[in-house]
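The structure appears below as structure tokens.
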Ligand code: ES4
Ligand code: ZN
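Residue numbers (full-length UniProt numbering): 2 to 327.
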């Protein structure tokens with residue numbers, strides 16, 4: 002269709018992607034073999050079959066287990082490089098990715114190993130593939146704020162190679178207010194802040210992310226639609242929402258893609274963007290998310306263009322980095 006051709010032709014950005022969530026089952030097996038790690042599956046097909054989630058937590062359990070095959074700096078490089086090659090194939094010209102250091106430092110992997118591998122791939126991506134990027138260090142909200150402070154201390158010598166901070170993992174029961182002091186410290190260090198809010202959690206968590214963490218984007222935010230005052234605030238400030246449609250369906254926030262409220266967000270004047278979250282687990286990369294939404298929601302050419310433009314608007318790209326498309 003014309004919409005499909007438009008989606009493929011447009012240069013796109015991605016603003017909500019967990020690099021650990023790009024670990025395809027094939028690479029999981031390859032790294033397990035390389036590192037002598039034992040997996041609880043006997044084939045790639047068995048892994049894919051296990052990806053049948055009932056909520057966020059049922060996914061996170063597999064996601065953290067899968068990350069256990071990542072050991073060496075080269076593993077983190079290979080993971081990130083494979084993702085960047087996929088960006089190139091899909092006409093993604095800029096990407097802002099999350100990494101979860103605590104997932105790895107908890108297993109005895111050095112912070113420096115994780116950062117060096119991801120960073121080297123991003124640098125090569127810029128030089129060799131002309132893909133610009135940002136790296137966002139995300140704190141795990143099911144852990145304590147104190148653990149977050151310890152992680153920030155590990156990051157301190159490397160802050161020239163970290164572009165911002167985020168907040169992810171199990172949302173309900175771990176409100177943004179739990180991390181108010183940590184985020185204040187990050188703000189004092191000059192780090193831009195984002196947070197997952199309103200994925201499974203209530204609109205109150207979105208208010209807290211705005212008012213207590215002073216974020217410049219909300220990751221997911223789809224539940225904001227339950228609160229009219231909040232929608233007004235988000236629209237007036239053009240606060241971006243990094244929406245992840247395939248993720249929302251796989252984690253049962255919506256029953257099916259045709260039920261997703263992406264179009265409603267646009268109609269209310271919100272700066273909604275399309276992203277993939279954990280593409281290896283949720284059935285597609287960012288372009289697949291656009292294609293799926295265009296098909297199932299009947300997006301017009303104008304809506305597709307608006308979503309793509311919103312992505313550039315919401316990005317941390319600076320004037321001097323922009324290509325012909327901006
Ligand atoms: C995540 Cl989908 C999602 N939500 C919250 N935290 C996450 N970490 C990785 N994927
Ligand atoms: Zn996410």
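No residue lacks a Cβ here, since even glycine has one placed at the ideal position from N, Cα and C.
{"Check": "The ligand ES4 heavy atom lying under 7 Å from the CB of residue 209", "Outcome": "no"}
{"Check": "Reduced DSSP secondary structure (H/G/I, E/B, other) of residue 274", "Outcome": "strand"}
{"Check": "4 or more residues per run - each alpha helix (DSSP H) lying fully within the region 144-205", "Outcome": "146-156 and 181-189"}
{"Check": "Start-to-end residues for the beta strand (DSSP E) that takes in residue 219", "Outcome": "218-221"}
{"Check": "Those runs of the beta strand (DSSP E) which lie wholly inside the region 4-78 and span at least 3 residues", "Outcome": "13-19"}
{"Check": "Alpha-carbon to alpha-carbon, residue 311 and residue 159", "Outcome": "30 Å"}
{"Check": "Alpha-carbon to alpha-carbon, residue 261 and residue 255", "Outcome": "6 Å"}
{"Check": "Every unbroken beta strand (DSSP E) within the region 80-155, with a cutoff of 3 residues, ordered by chain", "Outcome": "93-100 and 133-141"}
{"Check": "Rounded distance between the beta-carbons of residue 170 and residue 18, thought under 8 Å", "Outcome": "Incorrect: roughly 15 Å between the Cβ atoms, too far for contact."}
{"Check": "Of the residues 320, 325, 323 and 313, the one placed nearest residue 13, counting alpha carbons only", "Outcome": "313"}
{"Check": "At least 3 beta-carbon pairs within less than 8 Å: the region 201-218 vs the region 170-187", "Outcome": "yes"}
{"Check": "Cβ neighbours of residue 194 in the same chain (closer than 7 Å, five flanking residues each side left out)", "Outcome": "165, 166, 184, 187, 188, 214, 215, 216 and 217"}
{"Check": "Member of 246, 279 and 75 whose CA lies at the smallest distance from the CA of residue 266", "Outcome": "246"}
{"Check": "Residue 24 and residue 69 closer than 8 Å at C-beta", "Outcome": "no"}
{"Check": "Pocket of the ligand ZN defined by Cβ to heavy atom distance under 6 Å", "Outcome": "17, 19, 169, 197, 220 and 278"}
{"Check": "Rounded straight-line distance, which links the Cα of residue 300 to that of residue 107", "Outcome": "43 Å"}
{"Check": "Own chain, CB closer than 6 Å to residue 87, minus 5 neighbours either side, in chain order", "Outcome": "286"}
{"Check": "Close beta carbons around residue 73, own chain, < 6 Å, minus the five adjacent residues each side", "Outcome": "none"}
{"Check": "Best match in 149, 83 and 89 for proximity to residue 104 [C-alpha to C-alpha]", "Outcome": "149"}
{"Check": "Residue environment, residue 120, which counts as buried when at least 16 other CB atoms sit within 10 Å", "Outcome": "buried"}
{"Check": "Cross-strand partners of residue 254 (DSSP beta bridge)", "Outcome": "According to DSSP, residue 254 bridges with nothing at all."}
{"Check": "Exposure label - residue 222; buried when at least 16 CB within 10 Å", "Outcome": "buried"}
{"Check": "Residue nearest to residue 65 in terms of C-alpha spacing, selected from 259, 95 and 282", "Outcome": "282"}
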